[in-house]
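To convert, count from 1 in the sequence shown and add 6; that's our numbering.
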Amino acid sequence: ANEFGVQSLMHLEEQDEKLCYVEAAISNVDEEMVNVKKDIRQMKLFCGVFRSPTDFCSDHCHRCRCRSASDSQPDEDALSWMPFYKTSTTAVKEQPRVLLRTKREYALESDYLPRLLNDAKEEEMDSNLKSVDAFLENLRDIAVDMNSELSLQETKMDKIKQLVSDIYRPI
Numbered sequence: 007a008n009e010f011g012v013q014s015l016m017h018l019e020e021q022d023e024k025l026c027y028v029e030a031a032i033s034n035v036d037e038e039m040v041n042v043k044k045d046i047r048q049m050k051l052f053c054g055v056f057r058s059p060t061d062f063c064s065d066h067c068h069r070c071r072c073r074s075a076s077d078s079q080p081d082e083d084a085l086s087w088m089p090f091y092k093t094s095t096t097a098v099k100e101q102p103r104v105l106l107r108t109k110r111e112y113a114l115e116s117d118y119l120p121r122l123l124n125d126a127k128e129e130e131m132d133s134n135l136k137s138v139d140a141f142l143e144n145l146r147d148i149a150v151d152m153n154s155e156l157s158l159q160e161t162k163m164d165k166i167k168q169l170v171s172d173i174y175r176p177i
């Protein structure tokens, strides 16, 4: 289980690097889209060549969806193909916290079981319980690290989602 925890942390770190790459690429696309939109507006003002299909829209045209200038939110249907774009659900912002025990508290617990006979079997059981406790403490530390990594990645995913929704705003 310890190996799987370490491997999971390694995969989470790789996923974090990929999210950083995706975020940078989406930011680059967003900047390019802003420049293209600005250039198209300038061309439209200068020569009137590029016109939006909604300029020629009539009221009876059911395929065309005219937007008002005040409507800046992306269309739900236009973004529904993205698997992570869901406006109805909200992400969990914080997981339940684990109370951390200090090393001093562990030192105070010298015996896990009250001693009755004080023989070798009790010593062996106590040492086994201490090793199990150390193993579980290690797993708990891995789980806390995974939780913090996932919470960081969640904020990155929210930022990527916002960048993608900003890209699909109308021209």
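Cβ atoms here follow ideal geometry from the backbone N, Cα and C, with glycine treated the same way.
Bear in mind the structure is a predicted one, so any value in this text is a computation, not a measurement.
- In the three-state DSSP reduction, Leu135 falls in the helix class (H, G or I).
- Collapsing the DSSP output to three states places Arg121 in coil.
- Contact between Leu135 and Glu128 does not hold, since the beta-carbon distance rounds to 10 Å and is not under 8 Å.
- Distance between Glu20 and Glu155, taken at the CA atoms: about 11 Å.
- Between Glu29 and Lys162, the gap from beta carbon to beta carbon is short of 8 Å.
- At the C-beta level, Met152 and Leu51 stay beyond 8 Å of one another.
- Ala7 carries a coil assignment under DSSP once its states are collapsed to helix, strand and coil.
- In the structure shown, the three-state DSSP call for Tyr27 is helix.
- In the same chain as Leu18, and ignoring 5 residues on each side of it, the C-beta atoms closer than 8 Å to its own belong to Met152, Glu155, Leu156, Gln159, in chain order.
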